[in-house]
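Structure below.
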């Protein structure tokens with residue numbers, strides 16, 4: 001689906017369209033000026049371990065909101081929204097394996113579940129564009145490429161795994177500005193974790209992302225990598241809890257939190 005007609009709608013209207021199934025694609029480029037969020041839903045008995053995992057790994061897992069057990073409303077990020085219906089697409093993982101993708105998780109929701117909303121790098125893309133830094137996956141209207149790396153996360157209880165990164169290619173003369181701009185947004189991953197040769201972080205085929213779709217990299221461009229909120233999905237695949245629910249990569253939750261409220265001067 002072409003998202004261009006929806007780009008300037010407010011978050012509440014975008015969530016309404018998503019809930020009704022009228023908007024089902026990746027959310028990059030939507031609601032510029034408002035934060036987007038990744039999702040991790042776990043049962044109550046795993047919630048402390050995951051909270052500790054986020055605290056120990058703030059670069060890939062910066063927390064925007066955490067619900068009370070059994071509560072489906074993200075009271076800080078978007079009062080009145082529903083975690084079960086307001087993402088375009090969800091993933092159901094059982095024992096570390098992807099079971100299915102669905103557009104509504106009401107049937108999978110359990111009373112003791114806890115939902116974590118994690119900052120997303122889509123949130124700083126408006127600032128990049130405002131500073132004349134190109135964002136290839138928005139230009140080409142496809143999902144951002146994401147990769148597992150050899151960068152280990154710090155373990156918490158039973159949870160451990162590799163960092164996942166998102167990649168944006170850009171001209172060499174724009175890289176410094178991209179670092180400056182994104183450094184102002186630590187709540188949505190902040191500055192890049194790697195610039196240049198992907199093999200140095202364990203990515204051996206840049207044209208075959210683990211999640212999302214590949215972006216073309218020009219001869220005069222450098223790949224730039226940011227920590228990614230899909231990291232919990234890689235952790236779920238490695239730790240193999242009985243059940244976790246996540247967003248489908250690139251299909252984010254659009255919050256009511258304004259980007260400037262998360263930036264630092």
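In the UniProt record's numbering, the protein residues as written are 1 to 265. In this text, a Cβ means the ideal position worked out from N, Cα and C, and glycines have one as well.
The three-state secondary structure of residue 11, taken from DSSP, is helix. With contacts defined as CB atoms closer than 8 angstroms, residue 165 and residue 108 fail to qualify as a contacting pair.
Residue pairing by DSSP puts residue 36 in a beta bridge opposite 254. In this structure, the CA atom of residue 197 is about 24 angstroms from the CA atom of residue 61. A direct Cα-to-Cα measurement between residue 137 and residue 106 gives close to 31 angstroms. Residue 123 sits in a helix when the DSSP states are folded into three classes. Only residues of its own chain outside the window of five on either side were considered, and among them 143, 144, 145, 146, 249 and 250 have a CB closer than 6 angstroms to the CB of residue 212, listed in chain order.
Three or more Cβ pairs closer than 8 angstroms define a contact, and the region 175 to 189 meets that threshold against the region 119 to 133. Counting C-beta pairs with one atom in each stretch, the region 221 to 238 and the region 33 to 53 have three or more that are closer than 8 angstroms, which means they touch.
Excluding sequence positions up to five before and after residue 59, its CB lies within less than 8 angstroms of the CB of 163, 189, 190, 193 and 227, all in the same chain and listed in chain order. Nearest neighbour of residue 101 by Cα position, chosen from 72, 216, 116 and 24, turns out to be 24. The Cβ-Cβ distance between residue 48 and residue 246 does not fall below 8 angstroms. Considered as a whole, the region 38 to 67 harbours 63 to 66 as its complete beta strand (DSSP E) runs of no fewer than 3 residues, in chain order. Around the beta carbon of residue 173, fewer than 16 other beta carbons sit within 10 angstroms, so the residue counts as exposed. Sequence-distant partners of residue 94 (beyond 5 residues in either direction) whose C-beta falls short of 7 angstroms from its own C-beta, in its chain, are 242 and 243. The alpha carbon of residue 5 has as its nearest neighbour, out of 29, 44, 84 and 132, the alpha carbon of 29.
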